[in-house]
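Protein chains in written order, with numbering that gives the first Met the number 0: chain S, 0 to 358; chain D, 0 to 152; chain E, 0 to 421. First up is the structure itself, then whatever we jot down about it.
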Amino acid sequence: MFAPLIRWLDERIHLDDLIAPFKHKTVPRHRLSYWYFFGGITLFLFIIQVLTGILLLLYYRPGANEAFESVQYIMTRVQFGWLIRSIHAWSANLMIFTAFVHMFSVLFLKAYRKPRELTWVTGVILLVLVMGFGFSGYLLPWNTLAFFATKVGTEIAGQVPIIGKPMMIFLRGGEEVTGATLTRFFGFHVAVLPGLVVVLIAIHLFLVQRQGMSVPPKVEAEWAANPAARREMKFFPNFMLREMMAWYVAMGVLGALAAIFPWNLGVKADPFVSAPAGIKPEWYFLFMFQTLKMIPSKVWIVDGEVLGVLGCSLAGLLWLLLPFFESDKASRAKVWITGLSIFALVYVIGMSVYGYVAN
Amino acid sequence: MCADQAPQPDTSRRRAIELFLGGGILASLASFIYPVLRFLVPPAVVDLGGDEVVASKLGEMKPNSGKIFRFGSRPGLLILNSDGTYRALSATCTHLGCTVQYRPDLREIWCACHNGTYDLNGRNVSGPPPRPLTVFDVHQRGDEIVVSRKREA
Amino acid sequence: MATLRIKFRPLPAASFAGLAGFILLASCLGYGQAVNSCLDCHSAQPGRLEVTPEKFSQDIHAQKGLTCVSCHGGDATSYDPDQAMSRKAGWKGKVDRRQIPQLCGSCHSNPAYIRQFDPSLRTDQLDQYHTSVHGKRLAAGDAKVAVCIDCHSVHDIRPPSDPRSTVNPVNVAKTCSRCHSDAAYMKQYGIPTDQFAKYNISVHHDAMVVRGDLSAPTCTTCHGNHGAAPPGVDKVQNVCANCHAFQAQMYEKSTHYKAFQAASLPGCVVCHSNHGIHLPSDAMLGTGPGGVCMKCHAPGDRCDRARVAILSNLTQLDGAIKDADQALHLAESSGMEVSEARLAQDQARDSLTKARVTIHTFQPTLVDQDVQAGMKIAAANLKAGKDAMVERNHRRIGLGICFIAIAMMLIGLWLYIRKLES
Chain S
0 MFAPLIRWLD
10 ERIHLDDLIA
20 PFKHKTVPRH
30 RLSYWYFFGG
40 ITLFLFIIQV
50 LTGILLLLYY
60 RPGANEAFES
70 VQYIMTRVQF
80 GWLIRSIHAW
90 SANLMIFTAF
100 VHMFSVLFLK
110 AYRKPRELTW
120 VTGVILLVLV
130 MGFGFSGYLL
140 PWNTLAFFAT
150 KVGTEIAGQV
160 PIIGKPMMIF
170 LRGGEEVTGA
180 TLTRFFGFHV
190 AVLPGLVVVL
200 IAIHLFLVQR
210 QGMSVPPKVE
220 AEWAANPAAR
230 REMKFFPNFM
240 LREMMAWYVA
250 MGVLGALAAI
260 FPWNLGVKAD
270 PFVSAPAGIK
280 PEWYFLFMFQ
290 TLKMIPSKVW
300 IVDGEVLGVL
310 GCSLAGLLWL
320 LLPFFESDKA
330 SRAKVWITGL
340 SIFALVYVIG
350 MSVYGYVAN
Chain D
0 MCADQAPQPD
10 TSRRRAIELF
20 LGGGILASLA
30 SFIYPVLRFL
40 VPPAVVDLGG
50 DEVVASKLGE
60 MKPNSGKIFR
70 FGSRPGLLIL
80 NSDGTYRALS
90 ATCTHLGCTV
100 QYRPDLREIW
110 CACHNGTYDL
120 NGRNVSGPPP
130 RPLTVFDVHQ
140 RGDEIVVSRK
150 REA
Chain E
0 MATLRIKFRP
10 LPAASFAGLA
20 GFILLASCLG
30 YGQAVNSCLD
40 CHSAQPGRLE
50 VTPEKFSQDI
60 HAQKGLTCVS
70 CHGGDATSYD
80 PDQAMSRKAG
90 WKGKVDRRQI
100 PQLCGSCHSN
110 PAYIRQFDPS
120 LRTDQLDQYH
130 TSVHGKRLAA
140 GDAKVAVCID
150 CHSVHDIRPP
160 SDPRSTVNPV
170 NVAKTCSRCH
180 SDAAYMKQYG
190 IPTDQFAKYN
200 ISVHHDAMVV
210 RGDLSAPTCT
220 TCHGNHGAAP
230 PGVDKVQNVC
240 ANCHAFQAQM
250 YEKSTHYKAF
260 QAASLPGCVV
270 CHSNHGIHLP
280 SDAMLGTGPG
290 GVCMKCHAPG
300 DRCDRARVAI
310 LSNLTQLDGA
320 IKDADQALHL
330 AESSGMEVSE
340 ARLAQDQARD
350 SLTKARVTIH
360 TFQPTLVDQD
370 VQAGMKIAAA
380 NLKAGKDAMV
390 ERNHRRIGLG
400 ICFIAIAMML
410 IGLWLYIRKL
420 ES
């Protein structure tokens, strides 16, 4: 049924040439192959975000007086509105989770090494942008928790020396978190960030496509010792079909979460009430939040918060440039980076749990 | 499956695959697309928005009378003065949250719960209320009396 | 003087001389501004004679420019005690308790004088005081009763709006209790001394102190302040009506009004008591503990039947509201959005409150009207809660269908892959 159409297209744009690279592409097959799926799942969740986001745009209205009401309208009046919004919210959280898993798997499988430094760099930037999505999207329902989380979050941005204050005012659209902040965050969330993320995803995927999948050094060594053990599968269709299975599983998890635990709406934000006790950011910011909280208010002569913000920024920058510290040759740096990766994973998980439990 | 023709394992397997794949694709697409299509249908109740509401029609109220209308999730009080001007305030008493009413005989706003009174500007004049009532903007659009929240200063 | 008889020692003496010189210089420079020799001495006096500048500066009178001389007479410019406290200079010494109302009244009953400070301040306190039980007893020669300073304090009199004032609404009950809860002090008057203890467990105290509602009644709200006296047996409802307007209106049209008047029973107080008023509950209509009706009425008569009807009506609405609350809570905890029904619950609760007010007509049909209005709203909310649970089940069924589709797809893909790679 599709055959004539495909033939028609092929005559004009030479589909074969387009598909050719995918046909030749192969994926290494070994006991750690399943980690390769997480990038794809993250991409799938991002597509879900785009689609459900566009649907929500049909009814959502930014503005301090309308945002909460319009989300409430979506949740109560619009048919399946609860589903679309709950999927959007859950998928956002899952996407950030799978992005973290993807990053750490790349780290432990050493996939960031030469020649894939740029893939790592774009990936880390993508993670930051995705967290930016989370931060800006969290405010949009304009409920109390979101309001105060944004207040605290932008306050922290304001701690950066010299550029902090102007940056905070830029983010808030004024001195305080108001309707103007909501308008801004809406703009970031639906226009600025999607544009940037799409471009970076394109580069990221192009690099993956161009360079092929990385094989973990250990497996590589085994294969070098025993070339007969080397296995691979075609990207299309073999790997693609498996990836589709993963996507379907992700879809099922999303549906279950949305149907059984619909994302709740909270109480409309009121700038004049005092902040509820124990206000915390979303879980993916908890490890940074807890770090900032644990730094004493004065370290020597430096303000503790400033130190924390600078420390986090520096750590982020080093993280971004991680591949450039590792050379080809076996060296001490390799052990050092493995140690650092384990430390980072334990630190992020530990601090998140601690931040969740602490009050 | 036909009985007279011994099924070859290969074709029955292909059939099963076709059934599961084809059925799966159709069923899953249907279960994804159906909610989306329903979502696209505008609901019968049109969202009026949180910051303004049509409180009354021109000529609906008698002069020197009050009317309770729903404003978002709280009641509001619309008053038509004897001189034909409208006035709208929050109808939630600032004392214990009862709904206040207009008293045509006193030309005041009165809360029956503990005998609190407000003047027509919403100021708490006597009785227990600790704070004035919030005053809303009123304007006329066609023959509709539209009440809206005062814009943030 | 005692201070001059200290043993001569060079250094302290020198500093003392220096200090004396400084004080002299300071008082010369400050002459005509705020010389007040009274405070200089009395701040060092022991016990009841002590009045420090810090204390007196808190006094509203000091802040308005009045001094010790304004009340006590004498010459505050002189450091010679004989001159400062000479009868010739008009010194009155300690003002006799019996004279205090008159002394305060000499300014506070003078509209022309008071107008200079606060034109809206009332000037009828003394007249009112004369009508009060305190004032009448004082006139009859009983010096134990309260005069102005007993409630307003002395030398640090703050305006009532100041939270530290003894007559600030929050502090009034405590101030009255200083005498009225003292059993020994009140013995000769033969009146109870448990008012303060009772008030402290009352709903009005709760409103004032716990909820911080300064408009809630305290002693003076019902008894008056300067004209303090019991409101009178047949006038209680007038006092309560100041805040509880509807209840009083209904009561005055009811059969109880005439019956209580005829029997000289104190209106509202008969059922609600006076100082220890609790938050009323439906149990007051019952026959168990807390029930009030059956103290007068006989079981089975017409009134008892009305009581049963009203009580069952209220219990019914109360139960319906609780059921709806429970259903909505259940729906909420399963993540359903029922905020609109939640809001409507407030209206049902309003109806219940209204019905409880309507009890004061003592007419079951009128109470029933309010109850039925509430029942309608509560039933709608209960339905909303149940609908939400049905909707939740629909969602789970939908999820199940979706799972079947996904499972089919997964099996299909897996089989296909196996075939592809076999």
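From the three backbone atoms N, C-alpha and C, an ideal C-beta is built for every residue, glycine too. These figures come from a predicted structure and were not determined experimentally.
Three-state secondary structure (DSSP) of residue i
{"i": "Ile5/E", "result": "Caution is warranted here: a pLDDT of 40 is assigned to Ile5/E, below 50, making its placement in the model unreliable, and the coordinate value is therefore given only provisionally. Coil at Ile5/E, not helix or strand."}
{"i": "Met426/E", "result": "In the structure as shown, chain E starts at 0 and stops at 421, and residue 426/E therefore has no counterpart that could be examined."}
{"i": "Glu174/S", "result": "coil"}
{"i": "Trp282/S", "result": "helix"}
{"i": "Asn63/D", "result": "coil"}
{"i": "Cys242/E", "result": "coil"}
{"i": "Arg76/S", "result": "coil"}
{"i": "Gly71/D", "result": "coil"}
{"i": "Ser89/D", "result": "strand"}
{"i": "Arg355/E", "result": "helix"}
{"i": "Asn123/D", "result": "strand"}
{"i": "Tyr101/D", "result": "strand"}
{"i": "Lys91/E", "result": "coil"}
{"i": "Asn142/S", "result": "strand"}
{"i": "Lys423/E", "result": "One cannot answer for residue 423/E here, as it falls past the ends of chain E, which runs 0 to 421."}
{"i": "Lys56/D", "result": "strand"}
{"i": "Met335/E", "result": "coil"}
{"i": "Tyr33/D", "result": "helix"}
{"i": "Tyr188/E", "result": "helix"}
{"i": "Ala406/E", "result": "helix"}
{"i": "Pro363/E", "result": "helix"}
Residues bridged to residue i (per DSSP)
{"i": "His138/D", "result": "Val145/D"}
{"i": "Val301/S", "result": "Val298/S"}
{"i": "Ile359/S", "result": "Residue 359/S lies beyond the residue range present for chain S, which begins at 0 and ends at 358; the question has no answer from this structure."}
{"i": "Glu51/D", "result": "Ser147/D"}
{"i": "Glu231/S", "result": "Pro27/S"}
{"i": "Cys112/D", "result": "DSSP lists no partner for Cys112/D."}
{"i": "Tyr355/S", "result": "In the DSSP output, where bridge partners are listed per residue, Tyr355/S has none listed."}
{"i": "Leu79/D", "result": "Ser64/D, Tyr85/D"}
{"i": "Glu107/D", "result": "Arg102/D"}
{"i": "Tyr35/S", "result": "BP columns for Tyr35/S are empty, so no partner."}
{"i": "Lys363/S", "result": "Here chain S comprises residues numbered 0 to 358, so residue 363/S is not present and cannot be evaluated."}
{"i": "Tyr117/D", "result": "Ile108/D, Asn123/D"}
Of the listed residues the options, nearest to residue i (C-alpha basis)
{"i": "Leu181/S", "options": "Ser135/S, Ala148/S, Leu317/S", "result": "Ser135/S"}
{"i": "Gly194/S", "options": "Leu125/S, Tyr59/S, Tyr353/S, Thr41/S", "result": "Leu125/S"}
{"i": "Lys375/E", "options": "Ile410/E, Leu316/E, Gly411/E, Thr254/E", "result": "Leu316/E"}
{"i": "Pro236/S", "options": "Ser42/E, Asp39/E, Tyr415/E", "result": "Tyr415/E"}
{"i": "Asp79/E", "options": "Asn35/E, Ser56/E, Ala61/E", "result": "Asn35/E"}
{"i": "Val356/E", "options": "Val144/E, Ala383/E, Asp281/E, Arg395/E", "result": "Asp281/E"}
{"i": "Gly23/D", "options": "Leu419/E, Ile405/E, Arg417/E", "result": "Ile405/E"}
{"i": "Ile155/S", "options": "Cys311/S, Leu319/S, Tyr33/S", "result": "Cys311/S"}
{"i": "Leu138/S", "options": "Tyr111/S, Ala88/S, Ala258/S", "result": "Ala88/S"}
{"i": "Phe323/S", "options": "His23/S, Gly39/S, His13/S, Arg115/S", "result": "Arg115/S"}
{"i": "Gly62/S", "options": "Phe284/S, Pro295/S, Leu320/S, Phe184/S", "result": "Phe184/S"}
{"i": "Lys257/E", "options": "Lys234/E, Tyr184/E, His243/E, Thr219/E", "result": "Lys234/E"}
{"i": "Ala228/S", "options": "Arg28/S, Met243/S, Val347/S", "result": "Arg28/S"}
{"i": "Val146/D", "options": "Gly75/D, Ala26/D, Ile108/D", "result": "Gly75/D"}
C-beta neighbour in chain B for residue i, strict 8 Å
{"i": "Gly22/D", "result": "Here the protein chains are S, D and E, and chain B is not one of them."}
Integer-rounded CB distance, given that residue j should sit under 8 Å from residue i
{"i": "Gly254/S", "j": "Leu327/E", "result": "Incorrect: roughly 26 Å between the Cβ atoms, too far for contact."}
{"i": "Gly65/D", "j": "Leu57/D", "result": "16 Å between Cβ atoms; not a contact."}
{"i": "Tyr58/S", "j": "Val77/S", "result": "6 Å"}
{"i": "Lys279/S", "j": "Phe288/S", "result": "7 Å"}
Quiz item: Is there contact between the region 387-399 of chain E and the region 342-349 of chain E, where contact requires at least three CB pairs shorter than 8 Å?
Solution: no
Quiz prompt | Contact the region 107-125 of chain E vs the region 178-186 of chain E: 3+ CB pairs below 8 Å | solution = no
Practice problem: Would you check if there are 3 or more beta carbon pairs closer than 8 Å linking the region 33-50 of chain S to the region 94-102 of chain S? | Solution: yes
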